[in-house]
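The structure appears right after this line, and notes come after that.
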Amino acid sequence: MKPILLCLVFAALAAAPHAQTAADVVRFAVIGDSGTGGEAQYQVGRQMASARSRSPFDLVLMLGDNLYRRASPEVYASAFERPYAALLADDVKFVAVLGNHDSPESVTYPGWNMNGQRYFSFTRNHVRFFAIDTNVLDAKQLEWLDQALSTSQEPWKIAYFHHPIYSNGKRHGSNVELRIRLEPLFLRHGVQVVFSGHDHMYERLKPQKGITYFVVGSGGQLREGGVRRSETTAAANDQEQLFLLVDVDREALRFQAITRNGAVIDSGAVQRQPST
Amino acid sequence: MTTQAMHLRRAGAAHAAGRMTASGFFHFVTGHYLLLPIGAAVALVWANTAPEGYFTFARLLAFPVNAIAMVFFFGLLAQEIFEETMPGGALHDRRRWPVPLIAAVGGTVGAALTYAASIRSSTVPMFLDGWPIMAGIDMVFAYFVVRAIFHRHPAVTFLLVLALASNAIGFIALAPSFLFDGTRAGGSGLLMAVAVGLAAWLRRKQVRAFWPYVLICGALSWLALYLEGFPPALALAPIVPFMPHTRRRLGELFEDEVDAAGDSPRHYEHVWHYHVQIALLLFGLVNAGVMMTGYGEGTDATILAAVGRTAGILLAVAAALAVGLHLPAQLTWRDLVVVALAAATGLTFSLYFAIALFPAGPLLAEIKVGALLTAAALPLAFGVAWLFGVGRFHPRLHSFRR
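From first to last, the protein sequence lines stand for chains A and B. My numbering numbers the first residue of the first sequence as -14 and each following residue consecutively. My numbering numbers the first residue of the second sequence as 39 and each following residue consecutively.
Next comes the structure, spelled out in structure tokens:
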């Protein structure tokens, strides 16, 4: 009996590090401004499926403008269900926010898992995601966000929404009106990473007041030459449609920007700040 | 002498003396209601050069300006309109109302349909809820332009009824968004009844000082609207009809006699003339600042809606005449085109409706840019008046002057 117990203990100890690692990594993909139904979106979808075969993930954040045509079953099929068919078949969960081109009624579309809400939060292990509707950022939503952020105990707080509050995109750029409302909440409650779209390009900004901002607005759309690099730009791409693949463990968030052709055009890590 | 004439005379005297003193400049800009466009221009420059500072400032002042200072603007407007319905006022003869009322409905329908069609053909369906904004006609600037072109003429009355009805439609169309947004406190009807009842009692007691009406009844009305989720800036509108009024002459809107006794509503208007203008300056400063990158499909739709309103007004009047109604005497189709163009200006009212409907953000910014650009209808109305030779550009008027 004793040898059997010892074997079990050793087996458990041997398995423990691996089990802990798997549990402690939250992996997800990020796409924005994807819903064109065009070939580039399908290529990005295929690259996401390919990446998933190497680095399994079961969550995709959609940053808005998920459809560029009036929502209908056919449009959902051509600009969402078919481009990501392989991922959907494997029960990968897409969780969206709406962009300015989306229909308000899309909050009830089951494929985007918004459950009829324009803004909400959800948790994956040690990561709390805050999905914000920047189309209609009213006082009620800000109050909710303040409350939700303040009660969150997770080590990582990640916010995502459509309109970037920091961006060097030529067409839209930073939305300062939103920034003065959102940034104080992010700073007060320790949000460390923010994803948004709207500008049809990719940009990673140098940390702004300690927060790392990504603009991932080329999941289907692309504005070639759409970046006006500045001293706040850490990395940018306005030549290829792409998605972001993200791993978050307790200490660091690692990211790879992968184009529709499979090239990694940006990668790195954001270390969790001790205070958060 | 009218208040406006007084301001203009002071400004003119300063100018004639070869210098524009600060006081003369102030009288000039207040006499021409230029503080709003000045505020808007400053806001636009500020928002595009130091956006973080501007938007922080605008956010801080949004409530005091939009909910409190604007009470006096809408109060003065309500006062002016109410008095225009009294004997001698431009709106007194109700036989003149039907055609401009029909024009208002046609203009609003035209604007709303054009807006909806524009949004439906765009890829931004979220703007669809914004159609009530398109009912807004800037009563101050459209009035001044039509008045400047036609002086005392039925066109002025036509514009007033048209703008009044159109803005009323806008407020009614906005009401559901206030009623169903879940912010109602309930029980405010009683508070409003007390406010109105008290105003009626003051009237019955022949209280001629305006302060009790404004400070007591207005405050209660403000609280009732605020608690109910309605725009509290309209607080004085239900109180104004109870304030004592005096007759006025045609074309006196926004330009009033100084009351010698110092206690009548005319005194209210005189006293608040500057306050209202300061409120408009702040309104422009706080609300008109948008970044130029805010231009988008909502902007296009707002501009197209202004075109749709002009077309809707003209079509509605044509339909009214077809069923046997008549244009007011001396009002020609050419005059009407100029009035319809001036009525395309949304500016203050469109901005006000927009901020009541959309929270701060990208959607509101796009509509704001459109609302500001509709001000282009004012010089356009002048240009068309010149082209058509109507009003002050009428050839006979010129030969007479020569």
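For every residue, glycine included, the Cβ atom is placed at its ideal position computed from N, Cα and C.
For R109 of chain A, which of A:N222, A:V80, A:A242 has the nearest alpha-carbon? If you number the first sequence from 1, residue 109 of chain A lands on position 124. Taking only the C-alpha atoms, the option nearest R109 of chain A is A:V80.
Can you give the Cα-Cα distance for I250 of chain A and Q256 of chain A, rounded to whole angstroms? Taking the first sequence and counting its residues from 1, the one referred to as residue 250 of chain A is at position 265. Taking the first sequence and counting its residues from 1, the one referred to as residue 256 of chain A is at position 271. Going from the Cα of I250 of chain A to the Cα of Q256 of chain A covers about 20 Å.
Any idea what DSSP makes of S159 of chain B, helix, strand or coil? In the second sequence, residue 159 of chain B corresponds to position 121, counting from 1. The answer is helix: DSSP assigns S159 of chain B an H, G or I state.
Spatial neighbours of G300 of chain B in its chain, beta-carbon cut-off 8 Å, leaving aside the 5 residues before and after: Position 262 of the second sequence, counted from the first residue, corresponds to residue 300 of chain B. Reliability of the predicted coordinates at G300 of chain B is poor, the pLDDT of 43 falling under 50, and the value obtained from them is presented with this limitation in mind. So no residue of the chain qualifies.
Own chain partners of G84 of chain A with C-beta closer than 6 Å, once the 5 adjacent residues on each side are dropped: Residue mapping note: residue 84 of chain A aligns to position 99 of the first sequence, counting from 1. Hits under 6 Å: G49, D50, H147.
Close beta carbons around F438 of chain B, own chain, < 7 Å, minus the five adjacent residues each side: Start at 1 with the first residue of the second sequence, and residue 438 of chain B comes out as number 400. For F438 of chain B, the predicted structure reports a pLDDT of 44, less than 50, and the residue's modelled location is therefore unreliable. The matter cannot be settled from this model.
Find the residues of chain A that neighbour G174 of chain B, judging by a C-beta separation of less than 8 Å, and give them in chain order. Taking the second sequence and counting its residues from 1, one reaches residue 174 of chain B at position 136. Chain A residues near G174 of chain B: none, gap ~20 Å exceeds 8 Å.
For S135 of chain A, return the contacting residues in chain B, with the cut-off set at a CB-CB distance below 8 Å. The count along the first sequence starts at 1 and reaches residue 135 of chain A at position 150. Simply none; closest approach about 21 Å.
With 8 Å as the threshold, decide whether the Cβ of N160 of chain A is near any Cβ in chain B. For the purposes of this step, residue 160 of chain A is taken as residue 175 along the first sequence, with counting starting at 1. True, the Cβ-Cβ gap to chain B drops below 8 Å.
So is G421 of chain B buried or exposed if we call it buried at 16+ other beta carbons inside 10 Å? The sequence position of residue 421 of chain B within the second sequence is 383, counting from 1. Its Cβ having fewer than 16 others within 10 Å, G421 of chain B is exposed.
With a threshold of 8 Å between beta-carbons, can V232 of chain B be considered close to chain A, or not? Numbered from 1 along the second sequence, position 194 holds the residue referred to as residue 232 of chain B. Cβ-Cβ to chain A under 8 Å: no for V232 of chain B.
Give, in chain order, every residue of the segment 388 to 422 of chain B whose Cβ lies closer than 8 Å to some Cβ of chain E. No chain E appears in this structure, whose protein chains are A and B.
Do we get a CB-CB distance below 8 Å when we pair E266 of chain B with the residues of chain A? Counting from 1 along the second sequence, the entry for residue 266 of chain B is found at position 228. Chain A, which has no Cβ nearer than 8 Å to the Cβ of E266 of chain B, makes this no.
Would A107 of chain B and A317 of chain B qualify as a contact pair, given that the criterion is a beta-carbon distance under 8 Å? Position 69 of the second sequence, counted from the first residue, corresponds to residue 107 of chain B. Position 279 of the second sequence, counted from the first residue, corresponds to residue 317 of chain B. For A107 of chain B and A317 of chain B, yes; Cβs fall inside 8 Å.
Under 8 Å Cβ-Cβ, which residues of chain B neighbour N120 of chain A? Walking along the first sequence from the start, residue 120 of chain A turns up at place 135. Going along chain B in sequence order, the residues near N120 of chain A (Cβ under 8 Å) are M164, G399, P400, L401.
Any idea what DSSP makes of F42 of chain A, helix, strand or coil? In the first sequence, the residue the question calls residue 42 of chain A occupies position 57. In this structure, F42 of chain A counts as coil in the three-state DSSP scheme.
So, is the C-beta of I165 of chain A closer than 8 Å to a C-beta in chain B? On the first sequence, residue 165 of chain A is found 180 positions in, with the first residue counted as 1. Chain B, which has a Cβ nearer than 8 Å to the Cβ of I165 of chain A, makes this yes.
Kindly say whether D123 of chain A, judged by its beta-carbon, lies nearer than 8 Å to any beta-carbon of chain B. Translated into the one-based positions of the first sequence, residue 123 of chain A becomes position 138. Closer than 8 Å to some Cβ of chain B, the Cβ of D123 of chain A qualifies, so yes.
Which word fits A(-3) of chain A, buried or exposed, when buried means at least 16 other C-beta atoms lie within 10 angstroms of its C-beta? The residue labelled residue -3 of chain A in the question sits at position 12 within the first sequence. For A(-3) of chain A, the pLDDT reaches just 47, beneath the cut-off of 50, and the residue's location in the model is therefore unreliable, although a value from the coordinates is still provided. Label assigned to A(-3) of chain A: exposed.
Locate the alpha helix (DSSP H) running through W424 of chain B, then write down its first and last residues. To locate residue 424 of chain B, count along the second sequence from 1; it is residue 386. It spans 415 to 426 - the alpha helix (DSSP H) in which W424 of chain B sits, taken as one unbroken run.
Within the same chain, show all residues whose beta-carbon is closer than 6 Å to that of Q193 of chain A, passing over the 5 residues directly before and after it, in chain order. In the first sequence, the residue the question calls residue 193 of chain A occupies position 208. Only Y151 meet the Cβ criterion.
Determine whether the Cβ of P89 of chain B lies closer than 8 Å to any Cβ atom of chain A. As a position in the second sequence, residue 89 of chain B is number 51, starting the count at 1. Yes, because at least one Cβ of chain A sits closer than 8 Å to the Cβ of P89 of chain B.
Complete runs of the alpha helix (DSSP H) confined to the segment 240 to 285 of chain B [at least 4 residues]: 256 to 266
4-residue-minimum alpha helix (DSSP H) runs that sit fully inside the segment 164 to 201 of chain B, ordered along the chain: 177 to 188
Let me see if you follow: with CB-CB separation under 8 Å, is R54 of chain A close to chain B or not? As a first step, residue 54 of chain A must be located in the first sequence, where it is residue number 69. Taking Cβ atoms only, chain B reaches closer than 8 Å to R54 of chain A, which makes this a yes.
If we define contact as Cβ-Cβ less than 8 Å, is S203 of chain A a contact residue for chain B? As a working mapping, residue 203 of chain A is identified with position 218 in the first sequence. Chain B contact via Cβ: absent.
How would you label A81 of chain B, buried or exposed, when you count the other beta carbons within 10 angstroms and need 16 or more for buried? Here residue 81 of chain B refers to the residue found at position 43 when the second sequence is read from its first residue. Classification of A81 of chain B: buried, given that the 10 Å Cβ count is 16 or more.
Proximal residues, the segment 89 to 107 of chain A versus chain B, C-beta separation under 7 Å: P89
Using a Cβ cut-off of 8 Å, which residues of the segment 127 to 151 of chain A contact any Cβ in chain B, in chain order? H148
Chain A partners of T337 of chain B, CB-CB under 7 Å? Walking along the second sequence from the start, residue 337 of chain B turns up at place 299. By Cβ distance, chain A contributes nothing, its closest Cβ being about 13 Å from T337 of chain B, past 7 Å.
Among the candidates A:P95, A:N100, A:H86, A:V201, whose CA atom is the shortest distance from the CA of G158 of chain A? Taking the first residue of the first sequence as 1, we reach residue 158 of chain A at position 173. For G158 of chain A, the nearest C-alpha among the options comes from A:V201.
Give the C-beta separation of H111 of chain A and P140 of chain A to the nearest angstrom, bearing in mind that I take them to be a contact with Cβ-Cβ under 8 Å. For the purposes of this step, residue 111 of chain A is taken as the residue at position 126 of the first sequence. For the purposes of this step, residue 140 of chain A is taken as the residue at position 155 of the first sequence. Right, their Cβ atoms sit about 5 Å apart.
Just the C-alpha distance for L229 of chain B and R430 of chain B, rounded to the nearest angstrom, thanks. One-based indexing of the second sequence puts residue 229 of chain B at position 191. One-based indexing of the second sequence puts residue 430 of chain B at position 392. Cα-Cα distance, rounded: 49 Å.
Can you tell me which residues form a DSSP beta bridge with I16 of chain A? Position 31 of the first sequence holds residue 16 of chain A. Bridge partners of I16 of chain A: A:M47.
If we cut at 8 Å on Cβ distances, does H86 of chain A have a partner in chain B? Within the first sequence, the letter at position 101 stands for residue 86 of chain A. Yes, its Cβ sits closer than 8 Å to a Cβ of chain B.
If the cut is a Cβ gap below 7 Å, which residues of chain B does H157 of chain A touch? On the first sequence, position 172 is the one that residue 157 of chain A refers to. Near H157 of chain A (Cβ distances below 7 Å), the residues of chain B are T331.
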